[in-house]
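In terms of my numbering, the sequence shown is residues 14 to 250.
Idealized CB from N, CA, C, for every residue including glycine.
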Amino acid sequence: MKIRFRLTLILLIAFAGISPNLQAADFRSKIKGRGCRFMWGVKAGFDFVTADKPFALPEFSFDNGGLGINAGFTARMQWRDRWYVQPALTLSYDTQSVELMPQNVFDGKTYASVRRGAVMLPIHLGYKFTLVGNSRMSIFSGGWVSYSFAGEISSSDSDERLLVNNREPVLYGDGGLWSRISAGPAFGATLESTTFPLSLTIDGYVGVTQMSRSELCRYNYMTESLARLTFVYWFKL
Numbered sequence: 014m015k016i017r018f019r020l021t022l023i024l025l026i027a028f029a030g031i032s033p034n035l036q037a038a039d040f041r042s043k044i045k046g047r048g049c050r051f052m053w054g055v056k057a058g059f060d061f062v063t064a065d066k067p068f069a070l071p072e073f074s075f076d077n078g079g080l081g082i083n084a085g086f087t088a089r090m091q092w093r094d095r096w097y098v099q100p101a102l103t104l105s106y107d108t109q110s111v112e113l114m115p116q117n118v119f120d121g122k123t124y125a126s127v128r129r130g131a132v133m134l135p136i137h138l139g140y141k142f143t144l145v146g147n148s149r150m151s152i153f154s155g156g157w158v159s160y161s162f163a164g165e166i167s168s169s170d171s172d173e174r175l176l177v178n179n180r181e182p183v184l185y186g187d188g189g190l191w192s193r194i195s196a197g198p199a200f201g202a203t204l205e206s207t208t209f210p211l212s213l214t215i216d217g218y219v220g221v222t223q224m225s226r227s228e229l230c231r232y233n234y235m236t237e238s239l240a241r242l243t244f245v246y247w248f249k250l
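As structure tokens, this is what we get:
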């Protein structure tokens with residue numbers, strides 16, 4: 014009885030290990046037969062962020078820009094070594110300076126330092142082509158949605174300058190300044206190699222964030238721009 018039980022247990026364990034491998038092999042053969050290829054990878058890089066009408070050049074300066082870091086995972090389904098769909102899950106931590114115009118400041122404006130941690134879900138639709146030899150380049154567009162799960166705001170001049178009606182500013186939540194959710198279009202390009210599983214991606218994201226606290230914000234909405242320089246290490250299925 015014990016021998017029979019052990020044999021049954023061994024067979025079950027062996028089947029459990031073989032079955033996923035057979036399913037993965039079957040999946041690989043199916044997508045390759047259709048001219049498809051699936052890859053996934055890990056990514057990390059740097060963020061360059063601006064906020065509050067960055068395209069109005071006379072009003073834009075480096076003072077209201079900022080830096081950050083990002084890391085996450087991505088996947089790509091590619092057809093005929095040309096077209097691809099690439100979603101990703103990215104965590105980021107960014108710092109930036111935002112221009113505010115509180116009512117109790119008579120010189121018209123002050124700068125606040127904003128620090129945010131967020132999770133972003135972008136999806137890219139791209140087209141890849143050959144540059145020279147084993148070098149490839151792709152261009153893409155798509156969209157993204159972001160949810161900020163942590164953050165704080167403080168004045169770069171004096172905390173008293175941001176006191177309006179004896180209320181200190183908070184970034185999120187009740188009486189918060191900034192919406193946790195933002196979304197917008199995405200665009201960019203990648204540089205890749207067929208001989209080395211590392212690619213360089215330059216992403217651009219533009220979004221519109223709803224603002225509150227009219228006594229602190231010049232507008233009801235704030236335009237945000239994010240340029241992202243990311244390295245991706247690919248694993249083939």
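Exercise. In its own chain, which residues sit with a C-beta less than 6 Å from the C-beta of residue 203, not counting the 5 before and 5 after it?
Worked result: 151, 212 and 214
Problem set entry | Buried versus exposed call for residue 111 [16 or more other C-beta atoms within 10 Å across all chains shown] | buried
For this session: Figure out for me which residue from 239, 53, 142 and 89 has the closest Cα to the Cα of residue 99.
Result: 89
Exercise. Count the other CB atoms within 10 Å of the CB of residue 83; is the residue buried (16 or more) or exposed (fewer)?
Worked result: buried
Exercise. Which one or two residues does DSSP pair with residue 49 in a beta bridge?
Worked result: According to DSSP, residue 49 bridges with 92.
Problem set entry | Cβ-based burial, residue 252 [other Cβ within 10 Å; buried from 16] | Nothing about residue 252 can be read from this structure; the chain reaches only from 14 to 250.
Problem set entry | Closest residue to residue 200 among 241, 245 and 62 (Cα-Cα distance) | 241
For this session: Hey, could you find the ends of the beta strand (DSSP E) residue 138 is sitting in?
Result: 123 to 145
Problem set entry | Whole-angstrom distance between residue 92 and residue 158, CA atom to CA atom | Roughly 25 Å between the two C-alpha positions.
Exercise. Going by DSSP, which residues form a beta bridge with residue 86?
Worked result: 55 and 102
Exercise. So residue 184 is in the beta strand (DSSP E); what residue range does that whole segment cover?
Worked result: No beta strand (DSSP E) holds residue 184; DSSP gives it neither H nor E.
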